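Trainee: Pasting a structure here, questions to come.
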């Protein structure tokens, strides 16, 4: 009985948790509710993923209004994959948040943080679950508005300026998305994604479609920090509270990439025009620029958190590169990297939060010799760093392996060499942390020396362990991803 | 001729570009938010204008009428307006906090304050 309603519960549980927290106004209870909601969401998403693997795409008619008239939640393998990623990161970040948020926010603001987190979480889950273009916009804005505030909660005043910048660019992005959807709506008269895809097959004139695809690509590109639309990201990630950075970095850009893949393959794929070819050519150039330039920029950062933020833009480049290669291996790499990079960056930013708590700063200059004081945290960063580089035996390697394979299948040796070479830049910037933390003499007076509390280390290490675990046991991050890719490719071929 | 029949589109595009221009060209945070509002408004028009059919009536089934206007775009845009209001409110709230923290809402002065802070450290 309840199994039939998992798609709506996935969204409604965290959505109700938010207002409940605001009504109760108690920080301990707020933390409890947010944690329970995240764990419930994780259980639901795993249930959905099993259901999808078992019996195929789930279609759920909201309020029993049959699609395409009512709003439909439509979860295929790709959607379920993204739901699991988002709820997994949420479920790990919430136990961590209690200590971290208590240290970084004023006492009276704590419960508001949890309420906003729940709304952000709701929006991201809703984006992955819905099968309606306009409903997707609403969820996108729910998550974005919550994210702007979460970033503005940062302790330093730069957090406010970065949140404002993100608000401007994010809203322009969302509006561009609505323009694109509006054009599609004018062409087809429907907002249901599956229905829209079927009707676009009969469109005679490609021009409005080109305009719609362009608007949607640029709009969603702003949200997912596609180079050169990533200007908001480094500041936002650097100045946001630690747990916010970890959660947003691991999920928000990934869900936006999911939207881009959903539109480019499921909506524009079946049209009789070669739209995707040009789309992929553009994406290829943009992603190569992102990988090379952002990896180099990351290398020369003085702040470790900022370095990882730039690395995120480069990693988004790898995902888009996989999408642009447009063969099965490439898409598998892209979808798999959504998850692999999500857990890797999540782990790194959680551990950086632990450094910030004890050392009071994330500047590399202030972290010298930190490994002697915080061996567990530092070692975790090294392991997650290996996954970021893509060393065999880590989740990151899986992506690189499929990316190189995809490049070779296209006969492009240059591209394969580029992927390997840019991984070496990642070695260089991860090494900068190792050099500072392990090889330099400890700073004489750390504000609060000692290892981070267990309540932060355990969640962070869970994600570090996941980086290793998913490097060996690939039935989810490759097997399930391959199933999702198969469905996508089938839609294009139709 | 084209302009007369595509009047709504012409206005849409003008508002869209004017809004974008204000966001990019003005350094005052409030003016930027006004630009953002104009930019979003253009989309409201893009959706609502095609919903109206000349000679169409309200969408209530009646044997006397054959042409109906589409009510869905209006409903969608009602939602979009709510989102726009929330964004504007949040933007203004952050602008107030920026004024408290920096003592200014001019973008160049905020950047200058940041640069000065970096030099000092």
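Protein chains in written order, with our numbering: chain A, 666 to 1159; chain B, 19 to 139. Heads up, the beta-carbon is just placed ideally off N, CA and C, and yes, glycines get one too. Note that this is a predicted model, so its numbers are computed, not measured.
I need the straight-line Cα distance from residue 833 of chain A to residue 888 of chain A, nearest angstrom please.
Mentor: For residue 833 of chain A and residue 888 of chain A, the distance between alpha carbons rounds to 11 Å.
Trainee: State the beta-bridge partners of residue 702 of chain A as determined by DSSP.
Mentor: In the DSSP output, where bridge partners are listed per residue, residue 702 of chain A has none listed.
Trainee: I'd like to confirm the pairing. Which residues does DSSP put opposite residue 724 of chain A in its beta bridges?
Mentor: DSSP output for residue 724 of chain A lists A:739 as bridge partner(s).
Trainee: Does the region 1036-1056 of chain A touch the region 791-809 of chain A, meaning 3 or more C-beta pairs lie closer than 8 Å?
Mentor: They do not touch, by the three-pair rule.
Trainee: Quick check on the burial criterion: 16 or more other C-beta atoms within 10 angstroms. Buried or exposed for residue 70 of chain B?
Mentor: By the neighbour-count rule (16 or more Cβ atoms within 10 Å), residue 70 of chain B is not buried but exposed.
Trainee: Secondary structure at residue 795 of chain A, three-state DSSP: helix, strand or coil?
Mentor: In the structure shown, residue 795 of chain A sits in a strand (DSSP, three-state: E or B).
Trainee: To which residues of the same chain is residue 117 of chain B closer than 8 Å at the C-beta, ignoring the five residues directly before and after it?
Mentor: Answer for residue 117 of chain B: 123, listed in chain order.
Trainee: With 7 Å as the limit, tell me which residues of the region 786-799 of chain A have their beta carbon closer than that to any beta carbon of chain B; keep them in chain order.
Mentor: For the region 786-799 of chain A, which is checked against every Cβ of chain B, the residues closer than 7 Å are 799.
Trainee: Which of the three DSSP states, helix, strand or coil, is assigned to residue 1159 of chain A?
Mentor: For residue 1159 of chain A, the predicted model reports a pLDDT of 47, less than 50, meaning its position is unreliable; a value from the coordinates is still stated below. The answer is coil: DSSP assigns residue 1159 of chain A none of H, G, I, E or B.
Trainee: Grab me the residues of residue 59 of chain B's own chain with a C-beta within less than 7 Å of its C-beta, minus the 5 sequence neighbours each way, in chain order.
Mentor: Correct list, in chain order: 33.
Trainee: Below 8 Å on C-beta distance, what does residue 823 of chain A contact in chain B?
Mentor: The contacting residues are 132.
Trainee: Mind checking which residues open and close the alpha helix (DSSP H) that includes residue 981 of chain A?
Mentor: Counting along the chain, the alpha helix (DSSP H) containing residue 981 of chain A begins and ends at 969-990.
Trainee: When Cβ atoms are compared, which residues of the region 48-73 of chain B fall closer than 7 Å to chain A?
Mentor: Hits within the stretch, in order: 50, 54, 57, 58, 61, 64, 65 and 68.
Trainee: Could you run through the region 95-107 of chain B and flag, in chain order, every residue whose CB is less than 7 Å away from some CB of chain A?
Mentor: Flagged, chain order: 97, 98, 101, 104 and 105.
Trainee: With 8 Å as the threshold, decide whether the Cβ of residue 851 of chain A is near any Cβ in chain B.
Mentor: Chain B contact via Cβ: present.
Trainee: In chain B, which residues lie less than 8 Å from residue 837 of chain A when you measure between Cβ atoms?
Mentor: Ordered by position in chain B, the residues that pass the 8 Å Cβ test against residue 837 of chain A are 38, 41, 54 and 57.
Trainee: Would DSSP call residue 122 of chain B helix, strand or coil?
Mentor: Of the three classes helix, strand and coil, the one that applies to residue 122 of chain B here is coil, per DSSP.
Trainee: Could you have a look at residue 75 of chain B and say whether DSSP puts it in helix, strand or coil?
Mentor: Note: residue 75 of chain B maps to strand in three-state DSSP.
Trainee: Give the residues of chain B in contact with residue 1161 of chain A, contact being defined as C-beta atoms less than 9 Å apart.
Mentor: Given a span of 666 to 1159 for chain A in the structure shown, any question on residue 1161 of chain A remains unanswerable.
Trainee: What three-state label does DSSP hand residue 46 of chain B in the structure shown?
Mentor: Reduced to three states, the DSSP call for residue 46 of chain B is strand.
Trainee: How many whole angstroms separate the CB atoms of residue 699 of chain A and residue 759 of chain A, which I take to be in contact at a CB cut-off of 8 Å?
Mentor: The pair is a contact, with the Cβ atoms about 5 Å apart (cut-off 8 Å).
Trainee: Ends of the alpha helix (DSSP H) at residue 823 of chain A?
Mentor: Where residue 823 of chain A is concerned, the enclosing alpha helix (DSSP H) stretches over 823-853.
Trainee: Which residues, taken in chain order from the region 110-125 of chain B, show a beta carbon closer than 8 Å to some beta carbon of chain A?
Mentor: Listed by position, the residues of the region 110-125 of chain B near chain A (Cβ gap below 8 Å) are 112, 113, 115, 116, 119 and 120.
Trainee: Chain A partners of residue 128 of chain B, CB-CB under 7 Å?
Mentor: 826, listed in chain order.
Trainee: Measuring CB to CB, does residue 1014 of chain A end up less than 8 Å from residue 914 of chain A?
Mentor: Yes, these two residues count as a Cβ contact at 8 Å.
Trainee: Helix, strand or coil: how does DSSP classify residue 1028 of chain A here?
Mentor: Three-state DSSP puts residue 1028 of chain A in a strand.
Trainee: What is the DSSP secondary structure of residue 857 of chain A, reduced to helix, strand or coil?
Mentor: Residue 857 of chain A: strand per DSSP, three-state reduction.
Trainee: Distance check for residue 735 of chain A and residue 727 of chain A, CA to CA, integer angstroms please.
Mentor: Cα to Cα, the separation comes out at about 7 Å.
Trainee: If you draw a straight line from the C-alpha of residue 28 of chain B to the C-alpha of residue 67 of chain B, how long is it?
Mentor: Rounded to the nearest angstrom, the two C-alpha atoms are 12 Å apart.
Trainee: Within the same chain, show all residues whose beta-carbon is closer than 6 Å to that of residue 997 of chain A, passing over the 5 residues directly before and after it, in chain order.
Mentor: Answer for residue 997 of chain A: 1067, 1146, 1147 and 1150, listed in chain order.
Trainee: May I ask which residues mark the beginning and end of the alpha helix (DSSP H) holding residue 897 of chain A?
Mentor: Residues 897-904.
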